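See structure below.
Chains as they are written, first to last, in the numbering used here: chain S, 115 to 328; chain F, 115 to 328; chain C, 115 to 328.
Here's what the structure looks like:
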């Protein structure tokens, strides 16, 4: 993407909305003021840290104070206005969807910048997008959303694919970053709205305890 | 090890069987098709990512599409044949044992190649082997097998030790990589079969809630 | 800090007491001998690994056998004397507090050495200190202490701040490393003793399940 300013804005926006998602989950879990800020920060920064560790570069999210500020700001908003935000239906997952769209696109872009092939860049984008929500759910002892819902990994892969295909065809303008993010968010929100779930694989008739390996 | 082809084959095989183990755990936890693929991929790739991050090199498992293909293939097999594989007794843990043996050997080899000392290389191998199963259990909210069963860390250390000792004695041929993997798998399977557990340390008579710190 | 010996001693001490904290949590969760060693090692080393990965340098804790020895020694002590240590009130959290103080200071120092700005160095120190306990709680399926208790992140930030401010004012002697650690430990222990918790943010009157996003 030839527009570093747009990339930065998308990255910071993704960090902020993931921070909102983490902070709201903390409010809902009755954590205290500091717990809300900590979870917002961890969730907001996680995707970028995962992305940079997988590329093998020192995490930029940690060296540039603006990412930290954006994630913590999400937590502050939740401390102040968590009660209001909580009223919106599924607000945690809606902010999570916005973050997913923004981060999958910026992650894929950074992958291409660091010389990854197109398939790897798509996977890096999707992994970055998924990382924050996965950590949020783990820390609050939930099975991560990405494992429970079919339309979570797929929109992240779709959004990153839009950007990578556009850049591979020579279009390095900012338009397709936005298009990719929108595609991801829309598919994810449609999945949330209509509870779209892919079928489970054919399995033993009676459900057993997960992972007991019997 | 002087045989990069064998190393690659062992690495891919380890990735695939850890993918099977993760995919089967996902089938058992009633995740949907995408959840099965995602968990298989995460579990299959985790050991290699941990290994490379600890060495301080960009994760090869992410740059080389074959690792991803091997891990995802494990998930696909589980989506198609999970019902059949589930019938075998403790199939998740059997595949996990195979992965443990393969990855502890390849992890130790890569550690030696990157100039780690023999003890560090053994630990790196064991850590790589343990990483995948630990993440699988965490994501499905289980206490990791490595913490619950005595004969899990020990076979991984044994397998890596076989390889490192052989290489330290000048034998860089492929034989001892296979021997190390076999030693690890056999010890692990014997432990599984006979439920060998080491004694718990002397402790308070009545069990208390874990980690409450009271 | 101009005293690499003191820095090493503080680092090893922090690794050891985090190892004690992890080992005791394992004893309490009735893990076997190997499980106790493994959890002690993981918890003891986690903070340093997180710190080095965030800086973007190969984890020193893994290359220098002394860190491993210190963490495993914590586990050995718990295997031998866990029953005695368990009797002390909240012994897991007391060792955890000592580790927090030591690691937040050494983490901040290493951050400054690698050229991070003061705010980043403070955050790096706090993150390193928090990492071990967070992993311990995650692996035993607890909601991490840092999310549940207000006075956990704050003492870590305070301790790191003492050191960074002193060094920024030109005092690179060892005194303020010790002062920072003591400040962190005292504030944390006072919080533990009096169950100081910050207020939760204003929220919906009836508690709901965490993270369901409804």
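Yeah, the Cβ is synthetic: ideal placement off N, Cα and C, and Gly gets one too. Fair warning: this is a prediction, and the values are worked out from it, not measured in the lab.
Check                                                                                                                       : Outcome
Short CB-CB distance (under 8 Å) between residue 184(S) and chain C                                                         : no
CB contact check: residue 310(S) to chain F, cutoff 8 Å                                                                     : no
Residue 253(S) in three-state terms, based on DSSP                                                                          : helix
Between the CA atoms of residue 174(F) and residue 229(F) - distance to the nearest angstrom                                : 17 Å
Alpha helix (DSSP H) runs wholly inside the stretch 293–318 of chain F, at least 4 long, in chain order                     : none
Proximity below 8 Å, CB of residue 288(F) to CB of residue 126(F)                                                           : no
Chain-ordered residues of the stretch 172–183 of chain S with a beta carbon less than 8 Å from chain C                      : 172, 173, 176, 177, 179, 182
Residue 309(C) classed as buried or exposed, judged by whether at least 16 other C-beta atoms fall within 10 angstroms      : exposed
Beta carbon proximity, residue 227(S) to chain F, threshold 8 Å                                                             : no
Short CB-CB distance (under 8 Å) between residue 201(C) and chain S                                                         : no
Cβ contact check for the stretch 132–149 of chain F and the stretch 185–193 of chain F: 3 or more pairs under 8 Å           : yes
In chain order, each alpha helix (DSSP H) run of at least 4 residues that lies wholly inside the stretch 196–239 of chain C : 205–227
Proximity to residue 304(S) [Cα-Cα], best of 255(S), 211(S), 152(S), 155(S)                                                 : 211(S)
Which of helix, strand or coil DSSP assigns to residue 178(C)                                                               : coil
C-beta neighbour in chain F for residue 167(S), strict 8 Å                                                                  : yes
Close Cβ partners of residue 332(F) (< 6 Å) along its chain, the five nearest in sequence each way excluded                 : As displayed, chain F neither begins before 115 nor continues past 328, which places residue 332(F) out of reach and without an answer.
C-alpha distance - residue 275(S) paired with residue 202(S), whole-angstrom precision                                      : 31 Å
Closer than 7 Å: residue 168(F) CB and nearest the ligand NAD heavy atom                                                    : You won't find the ligand NAD in this model; it holds no ligand whatsoever.
Between the CA atoms of residue 243(C) and residue 161(C) - distance to the nearest angstrom                                : 6 Å
Any C-beta of chain F under 8 Å from that of residue 233(S)                                                                 : yes
Option nearest residue 142(C) by Cα separation, candidates 205(C), 234(C), 291(C), 241(C)                                   : 205(C)
Cβ-based neighbour list, residue 245(C), same chain, cut-off 7 Å, excluding 5 preceding and 5 following                     : 160, 161, 164
Three-state class that DSSP yields for residue 143(F) in the structure shown                                                : coil
Boundaries (first-last residue) of the alpha helix (DSSP H) holding residue 275(C)                                          : 264–282
CA nearest to the CA of residue 314(F), picked from 129(C), 137(C), 122(C), 128(C)                                          : 137(C)
C-beta neighbour in chain S for residue 230(F), strict 8 Å                                                                  : no
Any chain F beta carbon closer than 8 Å to residue 260(S)                                                                   : yes
Beta-carbon proximity of residue 298(F) to residue 273(F), cut-off 8 Å                                                      : yes
Local conformation of residue 171(S) per DSSP, three classes                                                                : coil
Coarse secondary structure for residue 285(F), derived from DSSP in three states                                            : coil
Residue 239(S) vs residue 219(S) beta-carbon contact at 8 Å                                                                 : yes
Proximal residues of chain S, C-beta to C-beta of residue 268(C) below 9 Å                                                  : 148
Sequence-distant residues of the same chain with beta carbon closer than 7 Å to residue 254(F), five excluded per side      : 139, 143
Closest residue to residue 234(S) among 129(F), 197(F), 183(F), 123(F) (Cα-Cα distance)                                     : 183(F)
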